[in-house]
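S.K.:
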Amino acid sequence: MAHHLVIVESPAKAKTINKYLGSDFEVMASYGHVRDLVAKEGAVDPAQDFAMNYTVVERNAKHVDAIAKAARKADSLYLATDPDREGEAISWHLYELLRDRGILEDKPVHRVVFYEITRDAIREAIEHPRGLSNDLVNAQQARRALDYLVGFNLSPLLWRKITSGLSAGRVQSPALRMIVERELEIEAFVPKEYWSIQADLLQSAQPFVARLQQLDGTKVEQFTITDEATASDAGRRILEAAGAPANAPLGEPLPESGRGMLEVTRVEKKQRRRNPQPPFITSTLQQEASRKLRFSAQQTMRVAQQLYEGVDTGSGTVGLITYMRTDSVNLSQEAIQSLRGVIADRFGEDKLPRSPHQYRTKAKNAQEAHEGIRPTDAARHPESLKASLSDDQYRLYDLIWKRTVACQMIHATIDTVSVDLAAGQTAIFRASGSTIRDPGFMAVYNEGQDDGAADGGEKILPPLAEGDRIPMTALRPEQHFTEPPPRYSEASLVRALEEYGIGRPSTYASIISTLQARNYVTLENRRFKPTDTGRVVTKFLTEHFDRYVDYDFTARLEDRLDAVSRGENDWVPVLREFWEPFRERVEEKQQVSRGEVMKARELGTDPKSGRPVTARLGRYGPFVQIGTREDEEKPRFASLRPGQSIDTIGLDEALALFTLPRDLGTTPDGLPLSANIGRFGPYVRFGDQFASLKKDDDPYTIDRDRALELVEEKKENIAKRTIQSFDDGALTVMKGRFGPYITDGRKRARVPKDRDAAELSRDECAALIAEAPEPKGRSRSGGKKAGSRSKRQSAS
Numbered sequence: 001m002a003h004h005l006v007i008v009e010s011p012a013k014a015k016t017i018n019k020y021l022g023s024d025f026e027v028m029a030s031y032g033h034v035r036d037l038v039a040k041e042g043a044v045d046p047a048q049d050f051a052m053n054y055t056v057v058e059r060n061a062k063h064v065d066a067i068a069k070a071a072r073k074a075d076s077l078y079l080a081t082d083p084d085r086e087g088e089a090i091s092w093h094l095y096e097l098l099r100d101r102g103i104l105e106d107k108p109v110h111r112v113v114f115y116e117i118t119r120d121a122i123r124e125a126i127e128h129p130r131g132l133s134n135d136l137v138n139a140q141q142a143r144r145a146l147d148y149l150v151g152f153n154l155s156p157l158l159w160r161k162i163t164s165g166l167s168a169g170r171v172q173s174p175a176l177r178m179i180v181e182r183e184l185e186i187e188a189f190v191p192k193e194y195w196s197i198q199a200d201l202l203q204s205a206q207p208f209v210a211r212l213q214q215l216d217g218t219k220v221e222q223f224t225i226t227d228e229a230t231a232s233d234a235g236r237r238i239l240e241a242a243g244a245p246a247n248a249p250l251g252e253p254l255p256e257s258g259r260g261m262l263e264v265t266r267v268e269k270k271q272r273r274r275n276p277q278p279p280f281i282t283s284t285l286q287q288e289a290s291r292k293l294r295f296s297a298q299q300t301m302r303v304a305q306q307l308y309e310g311v312d313t314g315s316g317t318v319g320l321i322t323y324m325r326t327d328s329v330n331l332s333q334e335a336i337q338s339l340r341g342v343i344a345d346r347f348g349e350d351k352l353p354r355s356p357h358q359y360r361t362k363a364k365n366a367q368e369a370h371e372g373i374r375p376t377d378a379a380r381h382p383e384s385l386k387a388s389l390s391d392d393q394y395r396l397y398d399l400i401w402k403r404t405v406a407c408q409m410i411h412a413t414i415d416t417v418s419v420d421l422a423a424g425q426t427a428i429f430r431a432s433g434s435t436i437r438d439p440g441f442m443a444v445y446n447e448g449q450d451d452g453a454a455d456g457g458e459k460i461l462p463p464l465a466e467g468d469r470i471p472m473t474a475l476r477p478e479q480h481f482t483e484p485p486p487r488y489s490e491a492s493l494v495r496a497l498e499e500y501g502i503g504r505p506s507t508y509a510s511i512i513s514t515l516q517a518r519n520y521v522t523l524e525n526r527r528f529k530p531t532d533t534g535r536v537v538t539k540f541l542t543e544h545f546d547r548y549v550d551y552d553f554t555a556r557l558e559d560r561l562d563a564v565s566r567g568e569n570d571w572v573p574v575l576r577e578f579w580e581p582f583r584e585r586v587e588e589k590q591q592v593s594r595g596e597v598m599k600a601r602e603l604g605t606d607p608k609s610g611r612p613v614t615a616r617l618g619r620y621g622p623f624v625q626i627g628t629r630e631d632e633e634k635p636r637f638a639s640l641r642p643g644q645s646i647d648t649i650g651l652d653e654a655l656a657l658f659t660l661p662r663d664l665g666t667t668p669d670g671l672p673l674s675a676n677i678g679r680f681g682p683y684v685r686f687g688d689q690f691a692s693l694k695k696d697d698d699p700y701t702i703d704r705d706r707a708l709e710l711v712e713e714k715k716e717n718i719a720k721r722t723i724q725s726f727d728d729g730a731l732t733v734m735k736g737r738f739g740p741y742i743t744d745g746r747k748r749a750r751v752p753k754d755r756d757a758a759e760l761s762r763d764e765c766a767a768l769i770a771e772a773p774e775p776k777g778r779s780r781s782g783g784k785k786a787g788s789r790s791k792r793q794s795a796s
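Last residue of the sequence shown: 796 (the UniProt record's numbering), numbering continuous.
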């Protein structure tokens with residue numbers, strides 16, 4: 001009997017596929033990537049046509065050895081890794097490794113791809129294998145080489161010019177620039193005042209609202225009325241034209257006896273269609289999962305991977321969705337027919353369009369042979385799987401199922417009505433409303449809103465006809481201010497990257513996670529805010545490497561790499577065209593001084609000392625400084641508080657940072673009491689002991705009473721943990737997280753395992769403390785080591 005070896009990427013996928021193939025097939029997992037560039041300089045050699053030095057990924061070496069052992073016994077090898085560039089590269093790397101070990105001589109090697117893990121898809125793939133695609137492999141190698149060349153050359157420059165631990169990336173850095181530039185827009189934004197005037201109306205006991213559209217024959221734009229006086233004057237004249245008393249109140253309910261009247265001058269009824277959205281692709285799935293489910297991009301991809309690789313539904317493991325890294329919205333004819341059958345059964349024949357909806361992808365490099373993200377079997381309704389899925393799996397599958405079913409349903413039909421109402425010859429108001437005549441696909445799914453919600457929240461007007469006179473219950477001038485553009489959310493950042501053509505479906509989640517891991521951005525209320533580090537990195541790159549964080553340049557490079565994957569470009573000339581000017585720029589910028597990059601922002605003068613106050617980014621974070629290194633008196637330093645930025649902090653805020661430690665008086669037993677911020681966060685100090693502040697406590701505002709509450713709480717905790725105490729508490733035996741220990745307030749010594757902590761004598765404790773090592777970060781004399789925070793900050 002023939003023996004065939006099939007290699008996939010994950011053990012979950014291997015388990016699912018194994019049951020679909022006969023006993024003559026063995027399925028094994030590579031556990032992801034099997035080779036990568038060596039982690040040192042020279043891994044890519046531009047002088048040798050960008051020759052790449054690969055090594056086996058250490059954590060997967062044992063899996064490679066197991067695959068090699070099984071391959072020796074197999075009659076043929078099927079490489080069935082994911083159907084994208086990375087999947088193709090993994091298969092190629094595995095092929096190269098096995099060939100170098102002499103395992104593949106005269107042994108057939110097949111490349112098989114499938115976009116869903118179902119019995120039919122897998123058998124079809126096995127029956128119709130192909131060879132490895134050099135174009136896809138080269139495109140992936142080119143991307144990996146570029147990422148390496150950028151990272152290994154720019155990152156060390158950032159370490160020397162800014163601080164250690166930073167990184168730059170071909171796609172990551174333009175994404176960071178987007179976030180920083182949006183923040184600068186927000187900070188530079190100046191609100192503009194404008195006013196609107198609305199009329200509250202009543203017809204047939206049904207209230208509705210109309211907005212001022214024309215005043216004295218002129219169309220009312222956003223900034224037609226820009227102050228309260230103009231708004232009040234317009235309101236008075238409208239009330240007079242509507243027949244209300246001259247002293248009728250503005251902005252308040254009008255008395256029933258003194259309500260003015262507006263006359264209906266036009267009623268326009270229309271019917272419009274709203275068409276369903278196409279099936280999900282990677283980016284739209286991430287965006288909708290962020291909006292509707294509050295999933296991060298990484299969470300979305302992780303859960304989608306689980307659904308794709310297979311879930312035990314009670315009758316065996318089965319893949320529930322198609323491959324989730326795709327930029328194609330195409331659906332197979334089989335999938336469409338299945339969807340139409342489900343729609344007819346569940347929602348009725350009248351919800352089916354006469355012919356199936358066909359969707360085409362706008363992305364330049366979309367491969368229409370791929371499909372959008374859809375259920376592998378539309379007949380698997382989410383509710384039928386709920387007991388087999390985790391909460392996250394169920395919610396994401398439900399989202400995908402509804403979007404896919406909806407995309408093959410009829411349009412929604414919406415009735416709209418627009419009514420003009422006049423106040424004499426002075427003003428015209430307009431009221432609009434809509435009702436859903438036939439929800440169509442919206443009965444199942446509505447993008448960006450709760451499923452089944454009306455089109456933006458429907459407003460229903462009462463029956464109105466030309467000539468009707470409608471009583472006005474109030475006239476409301478309302479003040480508004482323009483608002484700055486919003487910070488990017490995960491969804492809007494992915495959409496912006498996609499619109500610019502930066503990155504590809506498989507990269508969005510990793511871009512976002514890298515920006516957060518490097519402390520370039522923080523998430524506040526699910527919106528990205530750049531840190532001071534992120535701002536400085538972006539400023540450095542835009543000033544000195546402008547081309548390489550340029551959106552258009554990055555998008556054009558992506559297009560050229562896509563052309564490599566299509567076989568239209570050779571990858572080596574693409575790399576060479578990038579590398580030569582990039583290398584020259586890196587060498588040129590080695591001469592830029594750190595002082596130029598880290599130039600301090602001047603805030604003003606300290607009124608007490610007369611010395612300058614500056615804000616800057618140091619090696620250990622953002623801080624403010626009073627004085628300079630050239631002064632006779634040493635400079636003073638204070639770290640910024642969370643939420644503060646060196647780009648926006650003012651002089652008063654900066655000086656307030658130097659009020660720590662704050663003297664809070666004394667404890668009832670006479671110990672000095674103060675508040676400060678230390679290495680592990682804010683605290684209250686009483687004598688030589690410390691009590692951490694709680695989440696809502698602020699060291700700059702905490703009062704003595706609250707501080708004493710924390711002191712008492714700390715004392716109670718210490719008492720509960722104290723086993724023995726000597727010399728009025730100078731030497732204690734305590735209960736610890738990892739067992740009892742002895743402390744003199746500075747050093748710690750473990751209690752010997754053969755001794756009872758409660759029976760140790762004072763002399764034994766003192767002897768153990770004397771032998772205990774000095775605490776890390778302190779010298780034998782008990783002082784801080786050279787290189788304390790202050791000295792390191794001033795050196796930065």
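Think of the CB as a built atom: it goes at the ideal place given N, C-alpha and C, for glycine as much as any other residue.
How would you write the range of the alpha helix (DSSP H) that residue 540 sits in, first residue to last?
M.R.: Per DSSP, residue 540 belongs to the alpha helix (DSSP H) from 532-544.
S.K.: Given a threshold of 16 other Cβ atoms within 10 Å of its Cβ, counted over all protein chains shown, does residue 547 qualify as buried or as exposed?
M.R.: Exposed, because fewer than 16 other Cβ atoms sit within 10 Å of the Cβ of residue 547.
S.K.: Between which residues of its own chain and residue 211 is the CB-CB distance below 7 Å, once the five residues before and five after are set aside?
M.R.: Cβ within range, chain order: 196, 198, 429, 430.
S.K.: If distances are taken between C-alpha atoms only, which option among 342, 285, 485, 557 comes closest to residue 188?
M.R.: Ranking the options by Cα distance to residue 188, first place goes to 485.
S.K.: With DSSP run on the structure shown, which of helix, strand or coil describes residue 409?
M.R.: The answer is coil: DSSP assigns residue 409 none of H, G, I, E or B.
S.K.: Measure how close the beta-carbons of residue 638 and residue 617 come, nearest whole angstrom, since I'm counting them as under 8 Å.
M.R.: About 14 Å separates the two Cβ atoms, so there is no contact after all.
S.K.: What residue range does the beta strand (DSSP E) around residue 271 cover?
M.R.: Element bounds for residue 271: 261-274.
S.K.: In whole angstroms, what is the alpha-carbon distance linking residue 659 and residue 643?
M.R.: Looking at the two C-alpha atoms, the distance is approximately 18 Å.
S.K.: Quick check: what's the CA-CA separation for residue 468 versus residue 418?
M.R.: Those two C-alpha atoms are separated by around 15 Å.
S.K.: Around the Cβ of residue 482, are there at least 16 other Cβ atoms within 10 angstroms (buried) or fewer (exposed)?
M.R.: Classification of residue 482: exposed, given that the 10 Å Cβ count is below 16.
S.K.: Give a yes or no on whether the C-beta atoms belonging to residue 474 and residue 215 are separated by under 8 Å.
M.R.: Not closer than 8 Å, so no.
S.K.: Spatial neighbours of residue 290 within its chain, please: CB distance less than 6 Å, with the 5 preceding and 5 following residues excluded, ordered by chain position.
M.R.: The residues are 490, 491.
S.K.: Compute the Euclidean distance between the alpha carbons of residue 600 and residue 515, then round it to the nearest angstrom.
M.R.: For residue 600 and residue 515, the distance between alpha carbons rounds to 24 Å.
S.K.: For residue 35, I'd like the list of residues in its chain whose CB is within less than 7 Å of its CB, leaving aside the five on either flank, ordered along the chain.
M.R.: So the list reads 54, 55, 56, 57, 93, 97, once near-sequence residues are dropped.
S.K.: Within the segment 186-241, note down every full beta strand (DSSP E) run reaching 3 residues or more, in order along the chain.
M.R.: Complete beta strand (DSSP E) runs here, min 3: 193-203, 206-215.
S.K.: So, with DSSP's three-state summary, where would you put residue 415?
M.R.: If DSSP states are grouped into helix, strand and coil, residue 415 belongs with the strands.
S.K.: The beta strand (DSSP E) spanning residue 310 covers which residue range?
M.R.: Note, residue 310: premise wrong, no beta strand (DSSP E); not H, not E.
S.K.: According to DSSP, simplified to helix, strand and coil, what is residue 373?
M.R.: Residue 373 falls in the strand class under three-state DSSP.
S.K.: Once DSSP output is grouped into helix, strand and coil, what is the label at residue 320?
M.R.: Note: residue 320 maps to coil in three-state DSSP.
S.K.: Contact check, residue 17 vs residue 117 under 8 Å by CB: the rounded distance?
M.R.: Going by Cβ atoms, the distance from residue 17 to residue 117 rounds to 6 Å, so yes, they are a contact pair.
S.K.: Thinking just about the alpha-carbon of each residue, which of 143, 752, 776 is nearest to the one in residue 767?
M.R.: It is 752.
S.K.: Closest to residue 582 by C-alpha separation, out of 549, 62, 754, would be which residue?
M.R.: Of 549, 62, 754, the residue nearest in Cα terms is 549.
S.K.: Does DSSP classify residue 503 as helix, strand or coil?
M.R.: Reduced to three states, the DSSP call for residue 503 is coil.
S.K.: With residue 578 as the anchor, note down where its beta strand (DSSP E) starts and where it stops.
M.R.: It is not in any beta strand (DSSP E) - residue 578 instead sits in the alpha helix (DSSP H) that spans 571-589.
S.K.: Can at least three beta-carbon pairs, one atom from the segment 510-530 and one from the segment 559-572, be found at a separation below 8 Å?
M.R.: Cβ pair count under 8 Å is below three, so no.
S.K.: Should residue 119 go down as buried or exposed, given a rule of 16 or more other Cβ atoms within 10 Å for buried?
M.R.: It is exposed - the Cβ of residue 119 has fewer than 16 other Cβ atoms within 10 Å.
S.K.: Below 7 Å CB to CB, which residues in the same chain sit around residue 666 once its five sequence neighbours on both sides are set aside?
M.R.: The residues are 672, 673.
S.K.: Buried or exposed for residue 420, please, with buried defined as at least 16 other CB atoms from any protein chain shown within 10 angstroms of its CB.
M.R.: Classification of residue 420: buried, given that the 10 Å Cβ count is 16 or more.
S.K.: From 396, 161, 411, 743, pick the residue whose C-alpha is nearest to that of residue 381; which is it?
M.R.: Per the Cα distances, 396.
S.K.: One question on the structure: do residue 129 and residue 78 come within less than 8 Å of each other, judged by their Cβ atoms?
M.R.: Yes, they are a contact pair.
S.K.: Rounded to a whole number of angstroms, what is the C-alpha to C-alpha distance between residue 222 and residue 194?
M.R.: Their backbone Cα atoms lie some 7 Å apart in a straight line.
S.K.: Return the chain-ordered ranges of every alpha helix (DSSP H) run that is complete within the segment 685-733 and spans a minimum of 4 residues.
M.R.: The segment 685-733 contains these whole alpha helix (DSSP H) runs: 704-721.
S.K.: I'd like the list of long-range same chain contacts for residue 336, defined as Cβ closer than 8 Å, with 5 residues on each side in sequence excluded.
M.R.: So the qualifying residues of the chain are 356, 408.
S.K.: For a test of the three-state rule: what should DSSP assign to residue 568, helix, strand or coil?
M.R.: It is coil, neither helix nor strand.
S.K.: Can you list, in chain order, the residues of its chain whose CB lies under 7 Å from that of residue 332, leaving out five sequence neighbours each side?
M.R.: For residue 332, where only same-chain residues beyond five positions count, the Cβ hits under 7 Å are 371.
S.K.: Looking only at DSSP bridge pairs, what is residue 140 linked to?
M.R.: Note: residue 140 sits in no beta bridge, so no partner.
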